[in-house]
Every structure is written in C-alpha cells, then in structure tokens.
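Going by the working numbering, the first residue of the sequence shown is number 55, and it counts up by one from there.
Glycine included, each C-beta is placed from N, C-alpha and C at the ideal position.
See structure below.
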Amino acid sequence: MVEDANDNPPVFPQKSYSVTVKENEPPHVIVSATATDEDIGPNAIIQYTIIGEAASFHVGELSGNITTLQPLDYESRSQYTFILKAFNPEEPYPQDTANITVTVEDVNEEGPIFDKPSYHWILLDNSTAGTLVVDINARDESKDYDEGIFYNISGGNSEGLFSLSSTTGELTLTRDLSKQTDPLYYSLMVTATDLGLPPLSTSVKVSITIAPIDFSFPVFSEAVYRPAPLSEKAPPDTFVVQISALHKVPVIYSIVSGDEKGYFTISSSTGIIRTRKNLTLEDFPVVFNVQAIDSSNASIFNEVSVNVEVIDENDFPPVFPSPLLEQRLKENLPATQIVQLNAQDNDAGRNGILTYGILSGGPKFRIDEATGILYSTVSFDYEEEPTEYQVVIYAEDDGIPEKKRGYCTVVIKIIDVNDCPPVFDPVTEFSVNENAPVGFIVGKMTATDRDTGDNAFVLYSLTGDGGNTFEIDEIHGNIKIKNSPDYETMNKYNLTVNAVNNKSAPFHQATTYVTVLVIDVNDNAPVFAQNSYSASINMINPVGAHVITVSATDKDQGQNGLIEYYILPDLNFSSFFLIEDTSEGKIITTGSLSRSGEIRLTVMAKDKGSPSLNDTAMITLNVFDNRPFVPQFNESEISISVSENTGVDFSIYTFTVVETLGKQIDYTIVSGNEKGHFRLDPKSGELRTAINLNYEEVSQYVILVEANENLSSATEVQRSGLFAQNVAMLTISVQDVNEEPVFLNNTYSARIPSSVPYKYPVITVQATDPDSGDNGLLLYSLVNTQTTEFDIDKNTGQIFTVSVAEKAGTFYLEVQAADQGTRQLTARTTVNVMVDSSSSNNIVVVVLSQKINVVERNIAEVKRVLEDKLAWNVYIVEVYSNEFERKARSSTDVTYVKIIAFDEANQEVSAEDVKRKLREQKSNIETELEKIFSTAVTVAIEEAPADSTTPELIATIILGVLLACTLVAFLAYVIFNIKWKRKYKQQYLIKQRAAVMEGIDNPCTTDRNGSLKSLEKPEHTNNLKTEVMALSNMEDTKGGDADDVLQADKKWNYLETLDCNSEHKENVASEKAAEPRNVDALPTAEFTTKQDCSLTKHESALSLTPDPTTAAPEKELKGVKFSEVAIILDAEPEDDEANDNDVYFHQ
55 MVEDANDNPP VFPQKSYSVT VKENEPPHVI VSATATDEDI GPNAIIQYTI IGEAASFHVG
115 ELSGNITTLQ PLDYESRSQY TFILKAFNPE EPYPQDTANI TVTVEDVNEE GPIFDKPSYH
175 WILLDNSTAG TLVVDINARD ESKDYDEGIF YNISGGNSEG LFSLSSTTGE LTLTRDLSKQ
235 TDPLYYSLMV TATDLGLPPL STSVKVSITI APIDFSFPVF SEAVYRPAPL SEKAPPDTFV
295 VQISALHKVP VIYSIVSGDE KGYFTISSST GIIRTRKNLT LEDFPVVFNV QAIDSSNASI
355 FNEVSVNVEV IDENDFPPVF PSPLLEQRLK ENLPATQIVQ LNAQDNDAGR NGILTYGILS
415 GGPKFRIDEA TGILYSTVSF DYEEEPTEYQ VVIYAEDDGI PEKKRGYCTV VIKIIDVNDC
475 PPVFDPVTEF SVNENAPVGF IVGKMTATDR DTGDNAFVLY SLTGDGGNTF EIDEIHGNIK
535 IKNSPDYETM NKYNLTVNAV NNKSAPFHQA TTYVTVLVID VNDNAPVFAQ NSYSASINMI
595 NPVGAHVITV SATDKDQGQN GLIEYYILPD LNFSSFFLIE DTSEGKIITT GSLSRSGEIR
655 LTVMAKDKGS PSLNDTAMIT LNVFDNRPFV PQFNESEISI SVSENTGVDF SIYTFTVVET
715 LGKQIDYTIV SGNEKGHFRL DPKSGELRTA INLNYEEVSQ YVILVEANEN LSSATEVQRS
775 GLFAQNVAML TISVQDVNEE PVFLNNTYSA RIPSSVPYKY PVITVQATDP DSGDNGLLLY
835 SLVNTQTTEF DIDKNTGQIF TVSVAEKAGT FYLEVQAADQ GTRQLTARTT VNVMVDSSSS
895 NNIVVVVLSQ KINVVERNIA EVKRVLEDKL AWNVYIVEVY SNEFERKARS STDVTYVKII
955 AFDEANQEVS AEDVKRKLRE QKSNIETELE KIFSTAVTVA IEEAPADSTT PELIATIILG
1015 VLLACTLVAF LAYVIFNIKW KRKYKQQYLI KQRAAVMEGI DNPCTTDRNG SLKSLEKPEH
1075 TNNLKTEVMA LSNMEDTKGG DADDVLQADK KWNYLETLDC NSEHKENVAS EKAAEPRNVD
1135 ALPTAEFTTK QDCSLTKHES ALSLTPDPTT AAPEKELKGV KFSEVAIILD AEPEDDEAND
1195 NDVYFHQ
C-alpha cells in the first residue's frame, strides 16, 4: 500500500481578490477565497490566516470566508490591502497566498457644513467689477474646504450685482458700484451642494452693506474671536470673551445668529459674553455672530464671528480587568493572535474612547489600537531566543485636556516543540590496541538535542561492518569492545552511529560515521643491512660533506615500522658528524676533523614503537690529511698611534707573516673597516688611509686582517675561518692634532650710547674649534689695543664697557680666541664699536608693574615694543627694582628700566621728548606689553632715583678710612725719625760729605750691579759742590748764617735708609753708600711698606723698588693695595727742619 506524502501545497484559484464594501454596514462576509490541495487525508487539510489588517477583518480558519469585524468608515480609510494565507498544518507546512483588496464605498450622510453660521461684509461704493466681496467656505465630512462642493446663489440676487464661483465659493461684483449717499443692504442666500448619492445641500445667509466711501462703521478688534475652550462643567454666567468695536459713537452689542440653543448672553454695552446655562458637550463647537449697532442709527452696524469650543473633562483612567496576564505560545508559529485585552473607562464621549498600545517589550509584538488584540509579528525559536517575554500594554483615552492611561503586563511563555533533531559532537577517529579485552571502552559518542524534556531524549545504536567487534551503550553512547580485534585480520573499521529521539512526535534521527583504527603492537626490532660499514674522507671538509648512508628494515607496520637513525655519542669523534635526515640514515660532517688516521663511529637504528626497539652497527672511517698551508702573523695583536689629518694614502702599517714557504700570501680585512677608511694591499700587506683621519669623528679603529695562501676558490671555502693563527688584530689610536679656532664672523659691529654703566654688554663674539679637551677650550681676550674703555669676558666672549662716559666715536677692538693646547693656536676678529655721545641727563626711567625677573626674561621684547612705539633707537641702560634687588630679584611687583633714545640720525633725544612721547604712546605700549607678559601692565615715567649704596661702595669707603689712618700713622713716624736723625747723625753726615769732596769712594754708593762705586770723575765732585752751594743759598733765603760753611753743610738734605730691624740697619750702614742727588729732587720722598729697603739710583724723581741693585722705571701711581702703600710728601723746609733728607720707610 502506497501512503500519501504531503508533497502538494494548497493552491488559490486566483492570486488576487478585490471587493467593495459600503461604509457603516454591519459586519458580514465580504469575500470567500477557497484553496484546493491535491493530497488526501490529513495532508489535504487547509487552514487560513490573515497577514496584516487582522484588526478589521477575520477569516474562517477552515472555510476561508473573510468577514468585517466592525463597520468601515470611508472618511477614516477608503481602502485596505492584506494577504490571505492557506497552509497545511503538517510538515513540511506547504502554503499558498493571495492578495485581498477591500475598497470602502462612501455613503452620503449629511450635507456640507459652512465655516460660519452667516456672513456679513461691508463694501465701499467705489468698488469695481471683479472685486472680491467674501470667500464662502463649506466642507463635506472629512474633506477639505471646497473639496467636492458646488456653490450657487439661491436667493437675493435679483439685480445680478453679485457672482459666485461654483467651485471656490468666492463672491464677487459683476459691475462697478455707483456713488451712494446712504448705505444699501443686500441679503443673499448661498447654497452648498455635495457630490454624494443622493446629493445633499445646505444654505447660509450672506449680508452685504454697500456704504459711501466716507461712511463710518464699527470696527472690531479681531476678525474672528476664538476664546479659550470652556470646560463642560462651566457654570452659568461664566466669562467667555469680550467683544470690542471701535466707532465714533457708542455701539450696542447683540447675538444675531448661531446661538440657536441659547447658551450665551452678551452685554449690550460692554460686549462681554457669558454662559447662560450649563453646557452640553455634544452641541459644541458653536460658531455664532455678534452684531455691533450704531446707537444713534440702527442702520449702521457690523458683524463678527465667535468660535466657542467646550472641553470634555476626563475624570477616570482606563482600567484592565487584571494587571497581569499569562499566555502560552508555541514556537515556530507564524504571526498570530495571542490575546485580546479589554479595558474599561467610565468617562463618556471622547474621554471614554480607548486606544491600545505597547509601552515596552514590543519589537516582536503588535496590538490593534482599536480592538486591543495582541499579535505576534514573527515566529519564535525556543532554542535560539528567550523563552519568556513581558509586554506592557497600555489603554489610553482621548481625554481633554489630559489623556489618561491604564496598564496591563502580559507574560508570554514560548512552548518548546520537538523541532530539532539530535546533533552529534564532532569526533576524530578512535584507535585501540589489538588484543584489547572485551568491554574496553574505545570512545564515546555524544549527540545533543536543543529541545527540552522528552523532546531532547536520545537513544544510540550501532550499524556497519564492525557489528561483531564493537557495540554501543544506547543510553550513554560509549563504544566498547565486543570481541578483541586482530590487527592482522583488520586494522580499520568504519562504524555507523545513529541517535534517535522517539519520546515525542515528530521523531528525529541523526547519523554520523566514526573510524576505529586497530593499533599494531611493536614486536619486531629494526635490522641493519650490514653489521659494519667502512668509508674514506678528508680531514679538511666543508660543513655537510657526505660520508656514508646506512639503512635498516623493520617488519612492523605503522609507527612500529618507522625507523630513525642516530650516531651514538663518544668522547672523540661523534661531534664531527651528524645524521642529515634521521629517517634516511645519511651521515654528513659538521666541518673539518681534528686528526687523520682511522676512526670508528657507532650508528643506531630505532623504531617509533612504544616501547621502541633498536639495532646498532659499526662504521670505520679512514681520514686523509689534506690540510692547506696556514700562514702565521709575526704578531697577533698590534697597537699603533697615528696623528689625525695625515691625509689620504698615508701608510699606517705593513702586515707580515713568519714564513711563506715560497707561496703567495693574500691579505684581507675581515672586520673593522666597514666605513672604508683604510685600504689594504692584498699582496704586500700594507695598510694605508683611504680618507683623512679625523680624531673628532673616530678616535680608535680595531681592524682584523686575515692572511691566507692564494688558492682556488674551492679550496678557500674549505679552509676559510678555520685557523686563529692567520688572523691579526690591529688597534689604531688616532691622536688629536690641535686645529685652529675660527670666528663665526670676520668682523663685528655694535653701537652704544656713552652714558651706559660699567659692564654694559656691547656684543658677544664667538669662535668654534673642532678639537676636544684643552685643544678645544677657547679663551677670549682683547689684543693690540690701548683702550681702557672696554673689556671682554674670557669664557663667553662678551665684550662689555669699562668706562665710556663722555666718550664718542668709533673704537676698533681686536679680539683673540686662543685654545689651551700645548701648542696654542689662535684666531682673531675685529669689532667696531660706535659710541654715540649721550648725557645721563637724558636717561628716562620707565616703571613697569611687573617683577624684575619677569622683565629681565622678556627684556628684548620690551625693547622692541619701546622702539616700535617711540620710532627711535632705544638702549636699555639698566634694569633694577629697589636697593635690595640684588638679593631678591622677584621681591617686588615694580621694575625700573633706564632707557636712552637716539633718532634716525643717531642724535640723542632729550629726556623731555622721550617722556612726552612715552605719555602719548602709553596706552599702545601697555597693550603690546600685555601681549608679552600675558597680564595687564601699567607703564609710568619716573625720575631716576639716587644710586643705591652698593657693597662695593661701602667697601671702598671703609678702605679709604683705613688708608687715611695708616697714612697719618706713617706721617707721624716719618716726622719723629727725621728729627731724631738730625739730632744724632749730624757728624756722620759731615764726614760723608768730606769724603766725597776729597774723591774717596763712598761706601754707601753702589752701581746698578750692586758693587761699590768710586767717584773717579771730577764732575762728581763738581756736582756735589753745586748741591752744597744750592743748599747754602736755600738756607740764606730762610734766614740762616751764610758765613759758616759747616752750618750750611749741617743743613743739607740727605736720604737716610731706615730698616725695620736693627740688624738690617747695620748691614746697610756698612755695605752701602749714598749716591749724590740733584737738589731738584730733594723736596720729594716716596714711602713703601716693602719688607726690605735701599737707596735707589739718582733719578729726576725718587722712586721705590723692591731690589736695591736695580733701578725701576718711572711708573704712574694708579691704585692702592693693602700690602703696599706709596706716599708722596711735599717736604718744604720749615726753619731748621728744611734740610731733612728723603727717606724710604719700609714696613
């Protein structure tokens, strides 16, 4: 018997259906769409469902009859389109679909409605034909104004003065109006007819007043009054709106049309409209007309429309019967209805009209807004998606002014159906040793079913060629040994494993295949083809040289029969050989051998069985000595020094070997010459420079040179790099050679005013020296210049002023930069300094409201701003804050900047002009400085304060006081000694004079070499006589006795040497003699604090020298030191003391 298979889908006789339904008809069957199925029995059962628009239509599940669920409204929607599906409920669920189109036919229910209860318009008598009088608007149900409406004048137009557009409702004049003295009144009746079946009509009154151009009518404040909506609970006498009309005389207000039910009253005088009674919501909105009449002439009036709306009060929220519902839904169902929710609202009217919606949880659900039916929009998969959904539904009324909601949570649980077959986990092939015992578990098969409960229950079964050897546990899936396998009989089984879930329909089955390999047991050892092997090789071999190939066989299969070869290690030779491929037995060398002669190796063949088995064989090798000649250097490590800048091709060193044996030797550089700084002659071994060596770039080279016998390339490959004795290491130390420094510029120029202070920076010169250490250390100095106006910082090269006050002109300075090498090298440059004459009276002090450290850091920018705004060259003379600024450079917020300005002709600008321009540019300067300092800056002008007392000045004052005290003490000491000497040494001096006059050598006189000097020439005596005569004349002038020569002699001035200790005085008296002096030098004496003292040679003026045998040149006294004080006294004689000699005092 042949069973029917569900292989034919339902089929609709046509693919689309169209039907027309009149609006407002009660629910009924609108179309019957029946499908057919060629199958029989259960496979021919057809069920129907609607996809989309399920809220308005219903289809019989088995009949296919489509009915409306509620009356349709043409004005809400005129057409519906949805899909009708016919399907068989059995697998594989065959189906067919048809498109359904429902057209809603409009039914004419009421006539057109005008936007106003009546129309009134005032037209001036100068209006012409075609003038628009009024636009009348009517609409039919949900259509727009004028849509499907036909207008006509049904009365009051007997004169034909007006024309009405039948489609737009625009009322116009048909001819020009004539001038009127009094108003004319026209009352027209306009009818609007719709296009419905049957057509319905509505009429409205249109009042037109034709007034003279200079006639006055009341004018309302608004074209249409629309007061705020009223509550349905508004009591009588509730204020609605106030109508206001402007007119030359008071007007009387009244309601003339539209308030047929009498809901409102109006004050005739104020125009205030109030409610007359309680309001009925259903009667609203209401549009009525208000008339304002001239109180003196009732024929003069105007009308305006008032539109009043009433709001229904929303008192109650919607309420669901239960706040929580639970529904069950099977997986895999198409979009379907789940549950219909019904909420109640105790309000009436629109406040009680409910719409439904989904608040949350709704991507897979939808709800009919009108019926509250909840639908699924997709099918659900229990295994892949959540099994429970919570959908929050709300019911919302249409209340005014506030809409209210009620909520209900629907819990939807997805029910599992048996729709998933078992699925095997992937497995690799199993293996089992031959002779494994019965019951041994070979492996485990696992199949999973994504369903739950009974739908996931799985049973296993085994089929295939291994049914006699293997079995499977139907519950757990373990494959076991049923009969022990034999590798020689069969070494591979292909098993078929089935998994079935058969506890719930429909049943599902899965099948997979698994391979079981029988593992051979290792019971045969490898066997070499020979018990021993022999071969011959050279002692010098390249890496990888072939020696011999051995082979063995194994009767086992698989891993047990796979053989690997190994060289057994020994202490002598095994390290020189290796197996190139352990699976092939090819033996190769690792390099050259250590000796020649016969050597033995043991090789082993081992299979990969577990446990593995092996065999060994002996290999005898005859090694021939084929070593080449290897040169040997005289020295293996060499160190030399070479000066830099020797030039290219300078010979550095020549490599030699101990002996050549008459063979050609090739020299090559192995390493150390990567930059190519050297060239090596391969034949002679001479190493020369390829570049000019530079100590500053590379100070040391380490070069490896290899010497080899000149052989063929093949032989060279065999012995390359094998022997250490043919390699020499040369260390080359490059000695630094002092190179001349170089100035960055040949000449420098600078310009300064003469009023700058001490150490004012003029310009900085800079030289460079490529050397390092002392050879590269540069010191700067001024040379070949006699100027004292400038000096230079020896370390930085900055030239600064010493004193340029009251100086002007160009100063040419020569600056020298000298390195500190052993052979000192120098460079020179010229600096031209132009000093412009300036006066300190033209220095202007600019006060900035910034800390001094901040100003100093930005002084260049400050100078630029001042020059830009003043349009002069500006020099910064000094920057200071207060008398303590040297101690705390940021202690105050005020900084003083001394400046002096020069114009374009380099003429000094007066201080008054600078101050005047500073005041003019004050705001501009402050603006620019604010950009520099990033904060507000104030600029002021101040007179330069008195110079502060510096530590240097204080030290000078103290030094001066100490010096004065010292001078006074010395002076007192000198006077005391002069008097003492005159009293006790007169006789000694007379003898001295007599000895000179007689030509006797003076024991106190010495020549320049320190020897005793004889007065050999007569002129010496003559000079002394002249001196005596001069002294006598001086005494006569002062009132002394001229007739006594001895008294005159006693009153000679003389030079006496006083020593600080008595021993030295005696030595001076016995060893040295005084030399005659010119009388002109007598009034002057010099005092020094040197520790030794002596007479000096006669000069035009007396001088002080540390060496008594050496005459010192004349030297201008420039300064004072604590260690030496030079005092010049004007020794004018007074009375008998005028003849005191010049004396040196030494401390």
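DSSP three-state call for residue i: helix, strand or coil?
i, result
"Gln444", "strand"
"Glu525", "strand"
"Cys474", "coil"
"Asp503", "coil"
"Tyr1027", "helix"
"Lys971", "helix"
"Leu1017", "helix"
"Arg420", "strand"
"Pro64", "coil"
"Glu868", "strand"
"Lys259", "strand"
Can you give me the C-alpha to C-alpha distance between residue i and residue j, rounded to a whole angstrom?
i, j, result
"Glu129", "Val161", "10 Å"
"Gly426", "Pro80", "20 Å"
"Val1215", "Val889", "The chain is shown only over 55 to 1201; residue 1215 falls outside these bounds and no answer can be derived."
"Ser308", "Val278", "16 Å"
"Pro475", "Pro440", "20 Å"
"Glu984", "Asn912", "12 Å"
"Ser977", "Lys813", "33 Å"
"Ala859", "Glu750", "46 Å"
"Thr992", "Ser894", "25 Å"
"Phe338", "Lys197", "20 Å"
"Ser753", "Glu794", "19 Å"
"Gly827", "Tyr934", "39 Å"
"Val601", "Gly651", "15 Å"
"Gly325", "Tyr448", "47 Å"
"Gln613", "Lys662", "5 Å"
Rank the options by C-alpha distance to the C-alpha of residue i and give the top, closest one.
i, options, result
"Glu974", "Thr1010, Ala925, Phe987", "Ala925"
"Val486", "Lys536, Thr785, Gly518, Ala299", "Lys536"
"Thr500", "Asn592, Val477, Ala510", "Val477"
"Val837", "Val819, Gln852, Gln870", "Gln870"
"Thr708", "Ser835, Leu784, Pro665", "Leu784"
"Ser15", "Leu798, Asp873, Val158", "Nothing can be reported for residue 15: it is not among the residues displayed for the chain, which extend from 55 to 1201."
"Asp608", "Gly415, Asn576, Phe630, Tyr934", "Asn576"
"Thr842", "Tyr834, Leu867, Leu831", "Leu867"
"Leu231", "Glu213, Phe631, Gln852, Ile617", "Glu213"
For residue i, is the classification buried or exposed, using 16 other Cβ atoms within 10 angstroms of its Cβ as the cut-off for buried?
i, result
"Leu849", "Reading off the sequence, residue 849 comes out as Asn, not Leu. With fewer than 16 other Cβ atoms within 10 Å, it is exposed."
"Tyr317", "buried"
"Ser72", "exposed"
"His562", "buried"
"Cys1019", "exposed"
"Glu314", "exposed"
"Lys259", "buried"
"Glu618", "buried"
Measure how close the beta-carbons of residue i and residue j come, nearest whole angstrom, since I'm counting them as under 8 Å.
i, j, result
"Thr256", "Phe204", "With 8 Å as the limit, Thr256 and Phe204 do not qualify as a contact, their Cβ atoms being about 12 Å apart."
"Asn532", "Lys498", "5 Å"
"Ile327", "Ile297", "7 Å"
"Val885", "Val796", "Not confirmed; about 16 Å, so no contact."
"Asp91", "Ile100", "6 Å"
"Phe844", "Val816", "7 Å"
Is residue i near the ligand SAM - that is, is its Cβ less than 7 Å away from at least one heavy atom of it?
i, result
"Lys848", "With respect to the ligand SAM, the structure shown offers nothing to examine, as it has no ligands at all."
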